[in-house]
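S.K.: Dumping the structure here so I can ask a few things about it.
Protein chains: 4
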Amino acid sequence: MVQLAVFGAGRIGQIHARNAAAQPGFHVKYIVDPVEGPARDALAKTTGARIVSAEEVFADPKLHAIVIASSTSSHAPLVHRAAETGKAVFCEKPVSLDFALTQSAVAAVVAAGIPCMLGFQRRYDAAFRALQARVASGEAGRLEHLIMQSRDPAPPPISYVKTSGGMFRDTAIHDVDMARFLLGEEIASVYAKGSCLISPEIGQAGDVDTLMITLTTESGRLAQVINCRRGPMGYDQRLEAVCAREVLRVENAPQGTLHVLRPEGTLAPPPMNYFLERYAQAYRDEMAGFAALITDGTPPLATARDGLEAQRLVEAAIRSHETGQVVVMAPGWRP
Amino acid sequence: MVQLAVFGAGRIGQIHARNAAAQPGFHVKYIVDPVEGPARDALAKTTGARIVSAEEVFADPKLHAIVIASSTSSHAPLVHRAAETGKAVFCEKPVSLDFALTQSAVAAVVAAGIPCMLGFQRRYDAAFRALQARVASGEAGRLEHLIMQSRDPAPPPISYVKTSGGMFRDTAIHDVDMARFLLGEEIASVYAKGSCLISPEIGQAGDVDTLMITLTTESGRLAQVINCRRGPMGYDQRLEAVCAREVLRVENAPQGTLHVLRPEGTLAPPPMNYFLERYAQAYRDEMAGFAALITDGTPPLATARDGLEAQRLVEAAIRSHETGQVVVMAPGWRP
Amino acid sequence: MVQLAVFGAGRIGQIHARNAAAQPGFHVKYIVDPVEGPARDALAKTTGARIVSAEEVFADPKLHAIVIASSTSSHAPLVHRAAETGKAVFCEKPVSLDFALTQSAVAAVVAAGIPCMLGFQRRYDAAFRALQARVASGEAGRLEHLIMQSRDPAPPPISYVKTSGGMFRDTAIHDVDMARFLLGEEIASVYAKGSCLISPEIGQAGDVDTLMITLTTESGRLAQVINCRRGPMGYDQRLEAVCAREVLRVENAPQGTLHVLRPEGTLAPPPMNYFLERYAQAYRDEMAGFAALITDGTPPLATARDGLEAQRLVEAAIRSHETGQVVVMAPGWRP
Amino acid sequence: MVQLAVFGAGRIGQIHARNAAAQPGFHVKYIVDPVEGPARDALAKTTGARIVSAEEVFADPKLHAIVIASSTSSHAPLVHRAAETGKAVFCEKPVSLDFALTQSAVAAVVAAGIPCMLGFQRRYDAAFRALQARVASGEAGRLEHLIMQSRDPAPPPISYVKTSGGMFRDTAIHDVDMARFLLGEEIASVYAKGSCLISPEIGQAGDVDTLMITLTTESGRLAQVINCRRGPMGYDQRLEAVCAREVLRVENAPQGTLHVLRPEGTLAPPPMNYFLERYAQAYRDEMAGFAALITDGTPPLATARDGLEAQRLVEAAIRSHETGQVVVMAPGWRP
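Chains as they are written, first to last, in the numbering used here: chain L, 949 to 1283; chain E, 949 to 1283; chain D, 949 to 1283; chain R, 949 to 1283.
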């Protein structure tokens, strides 16, 4: 039985804790969250875990692994502690909003040789995974260019905007990671343009709410990331991979099956509400991936280095957005 | 140059006359229509035809063919005249609302050996034709059952209801013809149930506005015809052929390409307005089929006998509807 | 805490037992299944239930309710025992393959006044439920006719065919129930035609594998049920309700979100594999409906009488199929 | 009767000449094309025009208007002649591959005050037009960002690549024009990245076959143009306008209505083959727009200045692509 601790009993911590508890061979031994309250208690009860401090977790030599789903600033220190104590790590993205801290945490992971995976759940979604496999198998022909669109249903609270590192680090990071996952190649230049078109409050907080990023790979292939903080019809997340023989398209997942046909046209159901619904199965499969990493050494779909590279790209995008210039990414580029 | 006369300068006559005039090797020499007016004159002008009487048409030994698109009661007499004078015939369905008259007109065509095709334009529609070919080729596997739905955008004027022979003879005839076209086998029993649910005036005129017909072929395959006089979203004409390896589905043709995505869902454009838009190309291809029949003897997709058999089936459906009983169709069944 | 016993630890029993165990305020106290084995034991363990005999269940005065998901022949006797001992009943359809036995079991339920619901899970599916509500609210206009298609992915084993009461009682019963649910009116006549087109073994076992049923309501509205034992593209279950102002259409639920665009066209994902996937949420909502029935007396969407009437209709359909005649259903009609 | 001359009897000249001939009140008096052959003769015959030289056209004081669909290098001189002789002009895009020549031709048009429209037929397509109207009416909310994709079915012959001015001037010009049409605002900065990923021959000819262009308007709204020389499934031209309350999407127009459902999914028909099919009606409506311009002075949807501005944008895009830098477009920017 693999013994785990889960840090964070918030929205995403609950998902990971429950999926870990349901994973055969996994036992959630500890929940760590400084915020007392019924949510934390209920989670401990459901999963059969004890609520403890971080110290107790790292002092337990029988504990195998930790899941980091606590506040972002705690991620890097927890990764270091896991590296020091030899525990496997599943870390929600980003490792840190500070690129240098991410870099040193990833270096610690590599030096310690601990199993580590990053929480890019979209890589575990069946459709994106099948798309990647179809490209990798050669069936679709070479992937030539890529278009990724992601829109949240509505802008987040301003408090979240201020602490999340901004739209590039919070939202676009998933898309640039997907670009690397599918293109299988590093990025040579980045152009990004952000605007504040939806919510003046977001602009006052120093962030953008709409952005476009053009990525060019070392071999000249192109990817476009288009994000905004509001999808008029709800959560909107789609991707098109234009390959030599096929276009592969991941569409939104519809909320239901009822269609209404009227004189003005056919009304099909809107997309699923938000990422928790859309990626419910991906989160389960991601935790199964963590189990496979720990028990068999099966490489995860998203490594610590993938987290670092995605962050490098969003930092380059921020630089481009701020300077109005293209950022050419020589090897080892850093902000 | 094949010389033609077109009988009827109404809605459908204009289509056939214009398509005939545009057909390479065809010359529309005469238009026959007793109703004077600008529509008739404009049609004559556009097609380069002269307006003459029926007598002149049949007295012209150089005229090769006639297109019958005049009022229904004139069809059978014109077919007889064509048989007597050895002219090729394209006849709009039905040959007659009276089954016995249809039977004798078809017999006259067969006896005279004149080229003759019936105006079941759906057989010339690219989608239905491709479906038929895919079934005939064996690719789809045996066609096991068939579902056909046809709905007009709105009920016709009561004057039309009264003279068109009723909904079975006017509307369902296209679907039962399609059943024969696709199943390639005769029908052994018919059950039909009609209701008046949409328009009380139609009921007062002695007709139904909604109907379902179950056809069973000699080998036990099944087809369902569902018709009503009003598609809430417009002209609605679809077909599903459930085969052993595939389901083949003809969908409505959308009116445009603009989709509107809102919180309540995605609004796709409604179907094309009506049969003249939906089947514009099919009518052109049908006239090309008539040309091929005359010039090369290429068998048309719909023969005089197909017209007779489709009428036999709707007469059986009417009998079933009126008696509330299943009609078993022994060979040669007639109303 | 409501104490329940679940009869049957097979496929459907496991779903109901797990959903009952997850239902707040419900405790699955007993599992009853004569077949020993790991599945039964695992189910008892997961739900925290004890494996007991039927006698122990009915002897326990603290037990409130039973869920009947055992073999069909056991349903009616268990319903009678529940009526005698005053326990609430959730019974999988059908109550009995023998109409008279169903009738007496339903009479016992009514006489005893016990809460009782039937397992027509489709009534609890969000799409069918929303469709029913939209019709009931008047928004869609009067429902004039209805088309229901259901196809299993592949024919069942012959052993199942022989014991399930045949395709009418096993498959069509869901569609005729849906017709009653949506039309909100009783049926006045039934025409049914079945054929054996897919599997000769099914024919040898005395059953059909393809069927069409025409239902006419007392007020003349029409419904068509089309079933077959094999959907070439998988599990195919769709419905169209043609109303005065809208067509409401329940489509298949797609298996995923990846589309492949190639020269021959756009390939969209096939439907979800089978009813367990498609109706996973409906089964959960159905059990929540049972909880609401027991705790608040909220009427269930499917009552014992609904079960009886659906069976009456399939018996009429069987009679029609066997005699080749329309069955007119005077009040109280019975096979 | 408006008397017209059509320059060019090639593919696009034939379309315009035929549409002009079919336009009520229009008479195609002359066809001008130096290339003798059956195509030119047939066009003259169909339209009832005489084949003459350019000199004869401009010497005819009774001629009202010219349609320029000849080779690109002839466009600007013909526009100048039309301005000098006071004839209305319909000019296929681009006016010239040389921006300065375009500028002086447009200046001549403005100075002469002749009616002039540019051949951006997409502006006349019903879907793009309805989209523009829906944005302009305010119904959709402010258009915040725009994504345009255009792909030809297959790379053009290298001879065409070499003479067409390259992919930016030939293909992207339609999309940047559409951006201006929908955004209703000028562009403040352009970033473009082109690659050669599909056809090495195109690269050897000094052109790209894949490109992405980011346009930022003066108020900070964003538009993305994505083009490549090969749509794996055929002619692929789509647009999404993300507005405050709706997403408006122009989809491809399907080639037919037959869908094939198989275990691997549902195969919908591919897009219409190419622009001539897709925009057949738009070309007719465009010519009707020219008629309205001449007879009533109705402003055309695309003016000479629109042609100039679209060329300015593609020149900026080329500059960006060549320098690897963002081009900031101060007022009056020119290459």
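Ideal placement from N, C-alpha and C gives every residue a C-beta, glycine not left out.
Any idea if R:E1040 is buried or exposed, counting beta-carbon neighbours within 10 angstroms, 16 or more meaning buried?
M.R.: That one is buried.
S.K.: Using CA coordinates, which residue listed in L:Q1080, L:F1076, L:P1148, L:G1067 is at the minimum distance from L:P1105?
M.R.: When only C-alpha atoms are compared, the closest one is L:P1148.
S.K.: For chain L, is any of its Cβ atoms less than 8 angstroms away from the one on R:L1145?
M.R.: True, the Cβ-Cβ gap to chain L drops below 8 angstroms.
S.K.: Here's the rule: buried if 16 or more other CB atoms are within 10 angstroms of the residue's CB, otherwise exposed. What is D:P986?
M.R.: So D:P986 counts as exposed.
S.K.: How would you label E:N1200, buried or exposed, when you count the other beta carbons within 10 angstroms and need 16 or more for buried?
M.R.: Counting Cβ neighbours within 10 Å, E:N1200 comes out buried, since at least 16 surround it.
S.K.: Go through the segment 963-1042 of chain E residue by residue and report every complete run of the alpha helix (DSSP H) that reaches 4 residues or more, in order.
M.R.: Here the runs fully enclosed are 986-995, 1002-1007, 1020-1033.
S.K.: For the alpha helix (DSSP H) that contains E:G1231, what are its first and last residues?
M.R.: According to the sequence as given, residue 1231 of chain E is Tyr; it is not Gly. It spans 1228-1244 - the alpha helix (DSSP H) in which E:Y1231 sits, taken as one unbroken run.
S.K.: Name, please, each residue of chain R whose Cβ falls closer than 8 angstroms to the Cβ of D:T1182.
M.R.: The residue you asked about is not Thr; residue 1182 of chain D is Gly in the sequence shown. Under the 8 angstroms cutoff, chain R gives P1211.
S.K.: For a test of the three-state rule: what should DSSP assign to R:D1073, helix, strand or coil?
M.R.: In this structure, R:D1073 counts as coil in the three-state DSSP scheme.
S.K.: Using DSSP with H/G/I as helix, E/B as strand and the rest coil, what is R:F1068?
M.R.: R:F1068: coil per DSSP, three-state reduction.
S.K.: Between L:Q1172 and chain R, is the shortest Cβ-Cβ distance under 8 angstroms, so that the two count as touching?
M.R.: Closer than 8 angstroms: yes.
S.K.: DSSP puts E:K1110 in a beta bridge; with which residues?
M.R.: None; E:K1110 has no bridge partner.
S.K.: Between L:L952 and L:A968, how many whole angstroms is the CB-CB distance? I'm expecting something under 8 angstroms.
M.R.: The pair is a contact, with the Cβ atoms about 6 angstroms apart (cut-off 8 angstroms).
S.K.: What runs of the beta strand (DSSP E), each 3 residues or longer, lie entirely inside the segment 1137-1192 of chain R?
M.R.: List check, beta strand (DSSP E) in window: 1158-1165, 1170-1176, 1184-1191.
S.K.: I'd like to know if the segment 1078-1094 of chain R and the segment 1259-1276 of chain R are in contact, where contact means that at least 3 CB-CB pairs between them fall below 8 angstroms.
M.R.: Taking 8 angstroms as the limit for Cβ pairs, the verdict is that the segment 1259-1276 of chain R does not touch the segment 1078-1094 of chain R.
S.K.: Mind listing the chain L neighbours of R:R1193? Cutoff is C-beta to C-beta under 7 angstroms, in chain order.
M.R.: Correct list: P1180.
S.K.: Taking C-beta pairs closer than 8 angstroms, name the residues in chain A that R:Y1139 reaches, listed in chain order.
M.R.: This model lacks chain A altogether; the protein chains it does include are L, E, D and R.
S.K.: On the premise that D:R1117 lies in contact with D:L1045, defined as a C-beta separation below 8 angstroms, what is that separation, rounded to the nearest angstrom?
M.R.: Contact holds; Cβ gap of about 6 angstroms.
S.K.: Alpha carbon to alpha carbon, how far is E:P1180 from D:I1095?
M.R.: E:P1180 and D:I1095: Cα-Cα distance of roughly 15 angstroms.
S.K.: So for E:R1099, helix, strand or coil by DSSP?
M.R.: Correct three-state label for E:R1099: strand.
S.K.: Report yes or no: is there a C-beta of chain D within less than 8 angstroms of the C-beta of E:G1292?
M.R.: Not covered by the structure: residue 1292 of chain E. The range shown for chain E is 949 to 1283.
S.K.: Considering only residues of the same chain and omitting the five flanking positions on each side of D:E1166, which have a CB-CB separation below 7 angstroms?
M.R.: The answer, listed in chain order, is E1133, E1134, A1136.
S.K.: Between the segment 1224-1239 of chain L and the segment 1060-1069 of chain L, can you find at least three pairs of beta-carbon atoms closer than 8 angstroms?
M.R.: These segments touch.
S.K.: With respect to the alpha helix (DSSP H) encompassing E:A1088, which residues constitute its N-terminal and C-terminal limits?
M.R.: No alpha helix (DSSP H) holds E:A1088; DSSP gives it neither H nor E.
S.K.: Taking Cβ-Cβ distances shorter than 9 angstroms, what residues in chain L pair up with E:P1218?
M.R.: Within 9 angstroms Cβ-Cβ: L1209, R1210, P1211, E1212, G1213, T1214.
S.K.: Please report the Cβ distance between R:G1089 and R:I1062, rounded to the nearest whole angstrom; I am assuming they are in contact, meaning their Cβ atoms lie under 8 angstroms.
M.R.: About 38 angstroms separates the two Cβ atoms, so there is no contact after all.
S.K.: With L:L1249 as the anchor, note down where its alpha helix (DSSP H) starts and where it stops.
M.R.: First-last for L:L1249: undefined, no H or E at that position.
S.K.: Whose CA, out of D:A1240, D:P1283, D:Q1051, D:D1073, lies closest to the CA of D:P1025?
M.R.: Of the candidates D:A1240, D:P1283, D:Q1051, D:D1073, the one whose C-alpha sits nearest the C-alpha of D:P1025 is D:Q1051.
S.K.: Do you know how far the Cα of R:L1196 is from the Cα of E:I979?
M.R.: The alpha-carbon atoms of E:I979 and R:L1196 are separated by roughly 48 angstroms.
S.K.: Nearest to E:A1059 by alpha carbon, out of E:V1027, E:I1121, E:V1043?
M.R.: The shortest C-alpha separation from E:A1059 is found at E:V1027.
S.K.: Could you work out which residue in L:Q1172, L:A1189, L:G1142 is closest to L:E1092 when comparing CA atoms only?
M.R.: Measuring from the Cα of L:E1092, the nearest candidate turns out to be L:A1189.
S.K.: Give the residues of chain L in contact with D:T994, contact being defined as C-beta atoms less than 9 angstroms apart.
M.R.: Correct list: empty, because the minimum Cβ distance to chain L is about 11 angstroms.
S.K.: Helix, strand or coil for E:R1282? Go by DSSP, reduced to three states.
M.R.: Coil.
S.K.: Just the Cα atoms here: how many angstroms apart are D:A1036 and D:I1014?
M.R.: Near 6 angstroms, if we compare the C-alpha coordinates of D:I1014 and D:A1036.
S.K.: Chain R partners of L:G1168, CB-CB under 8 angstroms?
M.R.: Under the 8 angstroms cutoff, chain R gives S1143, C1144, L1145.
S.K.: Whose CA, out of E:M1115, E:T1119, E:F1076, lies closest to the CA of E:L1131?
M.R.: With distances taken between Cα atoms, E:L1131 lies closest to E:F1076.
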